[in-house]
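For my numbering, count along the sequence shown from 1 and bump the result up by 42.
A virtual CB, placed ideally from N, CA and C, is assigned to each residue, including glycine.
Step one of this worksheet: look at the structure below.
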Amino acid sequence: MCVNCATLYGNAIGIFYQLETNTTDPGTRLCQDQFFSSSKVSIVDKTFKHIHDLWKSASCDGCFQHPVKGNGTHVVRNETIMFNEKLVQMNKCINQSEAKSKNLTDLCIICERPYRDLNTFYNGLVQESKDGNICFDMVDAMNATRFLWSSHFCSVHHYQNTPAFVVAGVVGLLVTLFYAGAGTIITPLNTELVQPKRLLRRRSRYGSTSPGSCSPKLVPP
């Protein structure tokens, strides 16, 4: 809307300001009396205000290097051109994939890269914007593209998280193998208990010959 209507909007601005400010031309003064008379409903004034508010609310000036004025000249921003190029590549990929195969999985895999490129570029524009307002043309195109992408049951996050799932699975498998191997390879160490000295002295009274013997030694009569 913004790019296609920029010329018409600029012409409308120029004509309105000429009618409002030019008081030397007799023809213009006659139009002022007819359209800006306080005794009549100012249709021209209200119409222009409505068009101006619509242009402003859509942040259409964000599509151009400078705000569109009544001189009829406007230059599209490089960011707008780059966004449109990425959008064309995305739509071309979807159309070609749908023509070749009806498998939605193939479409999601083939067109994942241009979609991610377009989506990342758009998010960067939103972050760089001071007031968060993006040209309506890009907002509308991005919303339509995201809706089309989701309608094909594609989720870029699914493909982005796949490497993380693989790494997590490998780590879990290694941990399991580690503990399983530790239980079968490592033999427990046999530790010898050190008996207290008091217990040894008590046993010696009964004639025990070894610290490990628990039965008393018989003394001959």
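Among the options, which has the Cα closest to the Cα of residue i?
i: His94; options: Arg155, Met132, Tyr59 and Ser193; result: Tyr59
i: Asn126; options: Cys150, Leu96, Asp179 and Ala48; result: Asp179
i: Tyr148; options: Asp103, His194, Cys105 and Tyr164; result: Note that residue 148 corresponds to Asp in the displayed sequence, not to Tyr. Taking only the C-alpha atoms, the option nearest Asp148 is His194.
i: Gly52; options: Ser84, Trp97 and Asp87; result: Trp97
i: Asn165; options: Glu154, Met184 and Arg155; result: Met184
i: Phe90; options: Ile57, Ile176 and Ser101; result: Ile57
i: Ser139; options: Trp191, Asp103 and Asp173; result: Trp191
i: Cys177; options: Thr63, Phe106, Thr115 and Val86; result: Phe106
i: Asn161; options: Val181, Val45, Lys142 and Gly174; result: Val181
i: Pro156; options: Cys102, Val130, Gln169 and Glu170; result: Val130
i: Ser171; options: Asp87, Asp103, Ile85 and Val86; result: Asp103
i: Glu154; options: Lys88, Ser84, Cys196 and Gln169; result: Cys196
Which partner residues does residue i have in the DSSP bridge list?
i: Val118; result: Phe106
What's the call for residue i, buried or exposed, on a 16-neighbour Cβ count within 10 Å?
i: Thr49; result: exposed
i: Gln92; result: Correcting the residue type first, residue 92 is His in the shown sequence and not Gln. Answer is exposed; the Cβ neighbour count stays below 16.
i: Glu121; result: buried
i: Pro205; result: Legend: pLDDT at Pro205 = 47, less than 50; position of this residue unreliable, value from coordinates given subsequently. Looking at its Cβ environment, which holds fewer than 16 other Cβ atoms inside 10 Å, Pro205 is exposed.
i: Asp173; result: exposed
i: Pro68; result: exposed
i: Ile136; result: buried
i: Thr233; result: Its pLDDT being 46, under 50, Thr233 is placed unreliably in this model, and the value from its coordinates should be taken loosely. Exposed.
i: Thr115; result: exposed
Taking C-beta to C-beta, are residue i and residue j nearer than 8 Å?
i: Cys73; j: Leu61; result: yes
i: His108; j: Val117; result: yes
i: Ile152; j: Lys111; result: no
i: Asp159; j: Lys134; result: no
i: Met124; j: Thr187; result: no
i: Cys44; j: Ala100; result: yes
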